[in-house]
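>
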Amino acid sequence: MSTLPASSPPTLPPDWGQRSRLSVWHPCTQMQHHQEVAPLAIAKGQGVWLYDAQGRAYMDCISSWWTNLFGHANPRINAAIQEQMGRIEHVMLAGLTHPPVVELSEQLSALTQHHLGHAFYASDGASAVEIAMKMSHHFWRQTGQPQKNEFICLSSSYHGETLGALSLTDVPLFRASYESLIKGVHTVMSPDARQAQGEETPDDVAKRAAQALSDLLMRRAQHISALIVEPRVQCAGHMAMHSPLYLQLARDLCDQHGVHLIADEIAVGCGRTGTFFACESAQIWPDFLTLSKGISAGYLPLSIVLCTDTVYGAFLSDQLAQGFLHSHSYSGNPLACSAALAALAIFESDHIVAHNLTLARTLEEAFRWTQSDDRLVHHRQTGLILAFDLHPQCARDHPEFTSRMHFHALEQGLLIRPIGETVYVMPPYVITQGEIELMSKGIERALNLSLKH
Ligand SMILES: *Cc1c(COP(=O)(O)O)cnc(C)c1O
């Protein structure tokens, strides 16, 4: 069993957190909170470890918001970006191209067995979702069905927070203030397996959710452009997990009713759930697949929309306006693409998909205690995402649980960010068995401290 790595000497003056709260408006944060507690200033990272300004180490148990795959300061990714920097740092992608963007597009096409052979580039996940929405609707316009301009998302879905993506995000906390700015969408039952009643299996819940989707499509399909789904795990939606059967049923229903399927793999793609793409676990391909977060291994902003020949072909025309004109200044940035290529090279040379299956078993073993702890419910795991919820009674007795758990985990040298009553870990793929055991022990101690009063 390993221990915390030796502290490294301070490299920053200790007041960065104070200065930050005055000048930086932090995301997903009530800034009032930082009047009392300054944000934690990170001076450096190495592997799964982050070091604060005082040199204290924290294990990055959530891969820095699910982006980091191969650890901080990974030598192979660092070298790839440095090498690319010496060639060309950035060039516009309209009318020009460059080796990293071509190679990355070819490799992603190959990883989908060329089902999704066309890659469109942006920088953040929300933009990728908006691009998929625009492409889907534009496709229907080009093919004589311009009335198809509505979208379906699942309850508890999260697809980003720009206005278009936010319309597909069913998280009241993020949505409520902007409701009057966004267009209505159809929200259907999530296949979240925690909703099982009586003897129901996850497959039964999936069938029930598919029936709800079917009912809506029966009524409304002529107006529906696409259904968007986070395959296998609705991450921001409290790590809700579902059976791959749902993806098969949803694929069939979309085909029957002439509706696109968008698989948002921004969080679950890139080996996170046990296959390279989460859709592979259901042996289906969507019409659009969005990637971001892990695709550049947590190094640089990059997002990609992959689509089929059918979609791509519908935009070919001698009319400029029938092309897909969405423009973005940093589209296909060579440095970001080189980070992604370095990540894909590691997947291949280090057999990461197989390695992650072994790691997932280690994670399961280390957190076995959560299954028999009667303060906890809904222990669940898909690949390298492991989550459990606080028992509802326990949650009522401890209204401050979320922030206390975050705080006590930091005391134990662990960075986690519980979502309400849901505690989860989603570590980088370079985590060792010893580090997993350390993480499990630290989370158990933090849980005990958080539930003490
Ligand atoms: C994070 C996330 C997004 C948004 O990505 P950003 O880069 O934060 O805009 C969209 N969809 C899913 C499933 C995500 O997890």
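If you read the sequence shown in this note's numbering, its first letter stands for residue -11, the second for the next number, and so on.
Don't be surprised by glycine CBs; every beta carbon is placed ideally from N, CA and C.
By the DSSP assignment, the beta strand (DSSP E) with Met47 in it spans what residues?
Segment 45 to 48, the beta strand (DSSP E) holding Met47.
> Once you ignore the five residues that flank Glu218 on each side, which residues in its own chain have a CB closer than 6 Å to its CB?
Counting only Cβ-Cβ distances below 6 Å, and skipping sequence neighbours, we find Asp252.
> So, does the CB of Arg260 fall closer than 8 Å to a CB anywhere in chain C?
Of the protein chains in this structure there is only one, and it is not chain C.
> Just verifying my parser: in three-state terms, what is the DSSP assignment at Phe243?
Going by the sequence as given, residue 243 is Asp instead of Phe. Helix, per DSSP.
> Between which two residues does the alpha helix (DSSP H) containing Arg363 stretch?
It is not in any alpha helix (DSSP H) - Arg363 carries neither H nor E in the DSSP assignment.
> Return the chain-ordered list of same chain residues with a C-beta closer than 8 Å to the C-beta of Val411, the five sequence neighbours on each side being excluded.
So the qualifying residues of the chain are Ala375, Phe376, Asp377, Leu378, Met393, Ile404, Ile431, Leu435.
> Please confirm whether any heavy atom of ligand 1 lies closer than 7 Å to the CB of Ser280.
Indeed, a heavy atom of ligand 1 lies less than 7 Å from the Cβ.
> Please report the straight-line C-alpha distance between Arg8 and Ala266, rounded to a whole angstrom.
Per the sequence presented here, residue 8 reads as Ser, with Arg not at that position. Their Cα atoms are separated by approximately 37 Å.
> Looking at the unbroken beta strand (DSSP E) that takes in Gly33, where does it start and where does it end?
Run containing Gly33: 30 to 34, per the beta strand (DSSP E) assignment.
> Give the DSSP-derived three-state secondary structure of Val256 in the structure shown.
Looking at Val256 - three-state DSSP - the assignment turns out to be coil, as it is neither helix nor strand.
> Return the first residue and the last residue of the beta strand (DSSP E) that Thr443 is part of.
With the chain covering only -11 through 441, there is no way to say anything about residue 443.
> Keeping to the same chain, check which residues put their C-beta closer than 8 Å to that of Ala331; ignore five residues upstream and five downstream.
Cβ neighbours of Ala331 beyond the five flanking positions: Leu57, Phe58, Ile65, Cys258, Gly282, Ile283, Ser284, Ala285.
> Spatial neighbours of Leu233 within its chain, please: CB distance less than 6 Å, with the 5 preceding and 5 following residues excluded, ordered by chain position.
Only Asp191, Ala194 meet the Cβ criterion.
> Given this structure, state the Cα-to-Cα distance separating Leu161 from Ser143, to the nearest angstrom.
Going by the C-alpha atoms only, they are around 14 Å apart.
> Based on the DSSP secondary-structure assignment, which residues constitute the bridge partners of Val221?
Partner(s): Met229.
> With a floor of 4 residues, list each alpha helix (DSSP H) that falls wholly inside the stretch 100 to 142, ordered by position along the chain.
Those alpha helix (DSSP H) runs which fall completely within the stretch 100 to 142 and span 4+ residues are 113 to 130.
> Counting Cβ pairs closer than 8 Å, one from the stretch 159 to 179 and one from the stretch 126 to 133, do we hit at least three?
No, the stretch 159 to 179 is not in contact with the stretch 126 to 133.
> Starting from the Cα of Leu288, find the closest Cα among Lys440, Ser428, Ala45, Cys325 and give me that residue.
It is Cys325.
> For Met47 versus Leu402, is the C-beta spacing smaller than 8 Å?
In this structure, Leu402 lies closer than 8 Å to Met47 by Cβ.
> Just the C-alpha distance for Ser291 and Val256, rounded to the nearest angstrom, thanks.
Each residue's Cα considered, the two are about 14 Å apart.
> Tell me whether Asp252, by its Cβ, gets closer than 7 Å to a heavy atom of ligand 1.
Yes.
> Kindly give me the distance between the Cβ atoms of Ile250 and Ile212, rounded to whole angstroms, as I take these residues to be in contact under 8 Å.
Actually they are not in contact, since the Cβ atoms of Ile250 and Ile212 sit about 12 Å apart, beyond 8 Å.
> Is the distance from the Cβ of His366 to the Cβ of Arg220 below 8 Å?
It is not a contact, given that the beta carbons lie outside the stated cut-off.
> Just to check my reading of the structure: Ser115 and His339 have Cβ atoms closer than 8 Å, yes? What is that Cβ distance to the nearest angstrom?
Ser115 to His339, Cβ: 32 Å. No contact.
> Just to confirm, is the Cβ distance from Leu81 to Ser391 under 8 Å?
Their beta carbons are not under 8 Å apart, which means Leu81 does not touch Ser391 by this criterion.
> Where Gln310 and Asp240 are concerned, what is the direct C-alpha to C-alpha distance, given to the nearest angstrom?
If I take the Cα positions, the gap works out to 29 Å.
> How about Gly445: is its Cβ closer than 7 Å to a heavy atom in ligand 1?
Absent from the structure is residue 445, since the part of the chain shown begins at -11 and ends at 441.
> Fully enclosed by the stretch 149 to 191, which alpha helix (DSSP H) runs are 4 residues long or longer?
Complete alpha helix (DSSP H) runs here, min 4: 151 to 155, 160 to 163.
> Expressed to the nearest angstrom, what Euclidean distance is found between the alpha-carbon atoms of Asp362 and Ala68?
If I take the Cα positions, the gap works out to 48 Å.
> I'd like the list of long-range same chain contacts for Cys49, defined as Cβ closer than 7 Å, with 5 residues on each side in sequence excluded.
Around Cys49: Leu402, Leu403, Ile404, Val413, Pro415, Met427.
> Do you know how far the Cα of Glu77 is from the Cα of Pro406?
Looking at the two C-alpha atoms, the distance is approximately 37 Å.
> Quick one: grab the DSSP three-state call for Val413.
DSSP places Val413 in strand when its eight states are reduced to three.
> Taking 7 Å as the cut-off, is the C-beta of Asp112 nearer than that to any heavy atom in ligand 1?
At least one heavy atom of ligand 1 is nearer than 7 Å to the Cβ of Asp112, so yes.
> Apart from the five residues on each side of it in sequence, which residues of its chain come closer than 7 Å, Cβ to Cβ, to Pro88?
Answer for Pro88: Gln72, Pro322, Cys325, Ser326, Leu329, listed in chain order.
> Decide if Met227 is buried, meaning its Cβ has at least 16 other Cβ atoms within 10 Å, or exposed.
Counting Cβ neighbours within 10 Å, Met227 comes out buried, since at least 16 surround it.
> What are the uninterrupted segments assigned as alpha helix (DSSP H) that are 4 or more residues long and contained completely in the stretch 283 to 367, given in chain order?
The stretch 283 to 367 contains these whole alpha helix (DSSP H) runs: 297 to 301, 322 to 337, 340 to 354.
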